[in-house]
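Structure first, commentary second.
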Amino acid sequence: MLSRSDLLTLLTINFIVVTKGAERISEVSARFTLDAMPGKQMAIDADLNAGLINQAQAQTRRKDVASEADFYGAMDGASKFVRGDAIAGMMILAINLIGGVCIGIFKYNLSADAAFQQYVLMTIGDGLVALVDKAQGNPLTQRIRGVRQVISDGNGVLLPEIRIRENFRLKPSQYAIFINGIKADEADIPADKLMALPSSETYGEIDGVLGNDPAYGMPVTWIQPAQKAKALNMGYQVIDSASVIATHVNKIVRSYIPDLFNYDDITQLHNRLSSMAPRLAEDLSAVLNYSQLLKVYRALLTEGVSLRDIVTIATVLVASSAVTKDHILLAADVRLALRRSITHPFVRKQELTVYTLNNELENLLTNLVNQAQQGGKVMLDSVPVDPNMLNQFQSTMPQVKEQMKAAGKDPVLLVPPQLRPLLARYARLFAPGLHVLSYNEVPDELELKIMGALS
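With the first letter of the sequence shown counted as 1, position 320 gets the number 320 in the working numbering; the numbers rise by one all the way through.
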C-alpha cells in the first residue's frame, strides 16, 4: 500500500527532479543556441562573400538558422508551461486527496489512515488513466466487433451494435448475453484461465479444472496461462477467454438474426438495391409491401440464406409475386435461384452426400401435406403432425446428424420440395445443424451420394 512518505517521495521526484531538470536542460539548450546565432549568420555571410555558396543557398541556410532559433525559443517557453502544469497537477492532487479523505472520515466513518490509503490510490489511479493507450483497446471488445462484422457480411444485413456493459448482479467470472433486453444465455468461466479443447490429435490429459465449452457444451479443461505451451504440445487447442465469449456470442446472435431483422433493415436493403438496379427496386416496392418482404427475408435468414445477392432475390420476388404472396413459397423460389450458393458449403469434389426419406415416411408426410392443403389455408411449415411421428423425428434426426458428422460429412437431408419447409422446421428444433435441402435445389452438375434413409 502507498504510505505518506511514498507519496511525498513521488511528488518530490516529479517536481524537483523531473520538472526542474527538464526546465534547466531546455534553458541551457536555448541559451547556447541563441548565443551562437550571430556567429552562424556571420559564417553564412562570409561563405557568400567568398563565393562558396550562392544567394539561394545562403537564403536557405538563414531560414534553417531562424527555424532553429524559433524552436529553441519555443522550447524555453514550453519549459515554463511544463513547470506550471506540474504545479497545477500537484494542486489538483492535493484538492482531490484532501476532499477524498474528508469524505471517507465524515461520510463513510473511516479512520484517517484507511481514508488516506483508499483515496490516495483512487486519486493516483485517476491520474494514471490518462496514460492508457486508447488505440490498444480491449481484446473482448475487438473480438465482439469482429463477430458483428463477420455475421453482417455473411448475411448481407447490418446487425445492431453489440454493447458490453457491467452487471453487478453477476459473479466476476460470469457473463450473460441479452437479445432485445431478454437474457438469451449465460455462462461461468474461470477467471484468468485458458480453455484447452481436446482434438483428434490430443494425447494424454493436462491438469486443470474440468468443464464445458459455453457455446457448444463440449468437454474442456481450464488451465493456467503458464500451461499453454504444454497443452499445445499435447495437441490441445488453447483458446483465451475473450475468444471463448466471442464464440458464444457468435452462436447466440446467429440464432437470433431473424428476430433482429426489422423494417429499418428492409430500408437499407432497398437503398442498396436502388443503387444497383433502380428499376428493379421500383418494381419490387410495387408488388410487395414491407410487411410481406419482412416475412420473406426472415424466412430466408431463419434457414441461413444470405441476403447479399439482393438483385437476384428481388428479381425472383418480382416474378413469383404474380403467382403467390405466400412467404414460404416465395422463399422457396428464392432458394431455388440461389441453389448453388446454398449447396456450395456441403459439396466435396462435385459430390454431395445426403440422407433421404424412406418411401413409407415420404408417402405418409406427402399425404399429410396434401390433406392439410385441401382442408384450408395451412402454411407448409405448420402442417399438423401426429405426436408419435414427432417423437420419431426427435430421436432419428439427431442420429442422422451425428452419423454424418462421424463420417466426416456435412449433415444434409434431401427431401421433396413440398416437404422441405416442414422438415426444415423440425430439424432446427430437434437437430440444429442438420441442413434440409429439396431435390430441385441440387444443381444438375453435382453427383449425389446417398448415405442412408430417415425412417
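The beta carbon of each residue, even a glycine, is placed where N, CA and C say it ideally should be.
Please confirm whether Pro443 and Thr343 have their CB atoms less than 8 Å apart.
-> Judged by beta-carbon spacing, Thr343 lies within the 8 Å limit of Pro443, meaning their Cβ atoms are closer than that value.
Going straight from the alpha carbon of Leu317 to that of Arg420, what length do you get?
-> Rounded to the nearest whole angstrom, the CA to CA distance from Leu317 to Arg420 is 19 Å.
Proximal residues to Ala299 (C-beta, below 7 Å), its chain only, five neighbours per side dropped | His327, Ile328, Ala331.
Give me the Cβ distance between Gly156 and Ile310, rounded to the nearest whole Å; I'm assuming they're in contact under 8 Å.
-> Here Gly156 really is in contact with Ile310; their C-beta atoms are around 7 Å apart, less than 8 Å.
Taking only the alpha-carbon atoms, compute the straight-line gap between Asn391 and Gln403 and give it to the nearest angstrom.
-> Cα to Cα, Asn391 sits roughly 19 Å from Gln403.
In the DSSP assignment, what are the bridge partners of Ser438?
-> DSSP, once it has assigned bridges, lists Val415 as partnering Ser438.
What is the residue span of the beta strand (DSSP E) that Gln237 lies within?
-> Where Gln237 is concerned, the enclosing beta strand (DSSP E) stretches over 237 to 239.
Smallest Cα separation from Gln350: which of Arg169, Ser200, Lys449, Ala112?
-> The residue with the shortest Cα to Cα distance from Gln350 is Lys449.
Taking the DSSP output, what are the residues bridged to Val354?
-> Ile450.
If you count every other CB in all the chains shown that lies within 10 Å of the CB of Ser111, and 16 or more means buried, which is it?
-> By the neighbour-count criterion, in which 16 or more other beta carbons inside 10 Å mark a residue as buried, Ser111 falls on the exposed side.
Who are the Cβ neighbours of Pro190 in its own chain at under 7 Å, not counting the five residues just before and after it?
-> Only Ser173, Val209, Trp222 meet the Cβ criterion.
Does at least one heavy atom of the ligand ZN sit under 7 Å from the Cβ of Asn233?
-> For the structure depicted, the ligand ZN is absent and the ligand set is empty, with no information on it obtainable.
Could you have a look at Val209 and say whether DSSP puts it in helix, strand or coil?
-> DSSP places Val209 in strand when its eight states are reduced to three.
Could you give the residue range of the beta strand (DSSP E) that holds Gln174?
-> Run containing Gln174: 174 to 179, per the beta strand (DSSP E) assignment.
How long is the line joining the alpha carbons of Glu441 and Gln227, rounded to whole angstroms?
-> Roughly 49 Å between the two C-alpha positions.
Distance, Cα to Cα, Ile182 vs Ile95?
-> Taking the CA atoms as reference points, Ile182 sits about 44 Å from Ile95.
Bridge-paired residues (DSSP) for Leu197 | By DSSP's assignment, Leu197 forms a beta bridge with Gln237.
Contacts around Glu303, its chain only, beta-carbon distance under 7 Å, and the 5 residues preceding and following it disregarded = Listed in chain order, the non-local C-beta contacts of Glu303 below 7 Å within the same chain comprise Ala424, local neighbours out to five positions each way being set aside.
Have a look at Ile124 and Thr141 and give me their C-alpha separation to the nearest angstrom.
-> Here the alpha carbons of Thr141 and Ile124 stand approximately 26 Å from one another.
Counting only the same chain and skipping the five closest in sequence on each side, list residues whose C-beta sits under 7 Å from that of Ala215.
-> Excluding positions up to five away in sequence, the list reads Thr247, His248, Lys251.
From the DSSP output, in three-state form, read off Glu445 for me.
-> Looking at Glu445 - three-state DSSP - the assignment turns out to be coil, as it is neither helix nor strand.
For Leu301, which of Leu284, Pro160, Ile151 has the nearest alpha-carbon?
-> Ranking the options by Cα distance to Leu301, first place goes to Ile151.
Anyone know if the C-beta pair for Met234 and Gly211 falls short of 8 Å?
-> Not closer than 8 Å, so no.
For Thr312, is the classification buried or exposed, using 16 other Cβ atoms within 10 angstroms of its Cβ as the cut-off for buried?
-> The residue is exposed, with fewer than 16 neighbouring Cβ atoms inside 10 Å.
Just how far apart, CA to CA, sit Glu166 and Ser243?
-> Going from the Cα of Glu166 to the Cα of Ser243 covers about 18 Å.
Pick helix, strand or coil for Ser47, following the three-state DSSP scheme.
-> In the sequence under discussion, the amino acid at residue 47 is Asp, which differs from the Ser named in the question. The answer is helix: DSSP assigns Asp47 an H, G or I state.
With a Cβ-Cβ cutoff of 8 Å, do Val385 and Leu361 count as a contact?
-> The Cβ-Cβ distance between Val385 and Leu361 does not fall below 8 Å.
Reduced DSSP secondary structure (H/G/I, E/B, other) of Lys107 = Three-state DSSP puts Lys107 in coil, outside helix and strand.
My guess is that Leu434 and Val400 are in contact by the Cβ rule of under 8 Å, so how many angstroms apart are they, rounded?
-> 7 Å between Cβ atoms; contact.
What is the C-beta distance between Leu288 and Ala281, in whole angstroms, given that I count them as a contact (C-beta under 8 Å)?
-> Rounded, the Cβ-Cβ distance is 12 Å, inconsistent with contact.
Quick one: what's got a C-beta closer than 8 Å to Ile206's C-beta in the same chain, skipping five residues either side?
-> If you ignore the 5 residues before and after Ile206, its C-beta comes within less than 8 Å of the C-beta of Ala196, Thr221, Ile223, Gln227, Lys230, Ala231, Met234, Tyr236, all in its own chain and listed in chain order.
Please name the residue, chosen from Pro278, Asn262, Gln268, Ala314, that lies closest to Lys295 on a Cα-to-Cα basis.
-> For Lys295, the nearest C-alpha among the options comes from Asn262.
Cβ pair Asn358, Ala453 closer than 8 Å | The beta carbons of Asn358 and Ala453 sit closer together than 8 Å.
What separation, rounded to the nearest whole angstrom, lies between the Cα atoms of Phe462 and Arg340?
-> Nothing in the structure corresponds to residue 462, since the chain is present only between 1 and 455.
Residues bridged to Ile189 (per DSSP) = Secondary-structure assignment with DSSP links Ile189 through no beta bridge to anything.
Identified DSSP bridge partners for Arg254 = In DSSP, Arg254 forms no bridge with anything.
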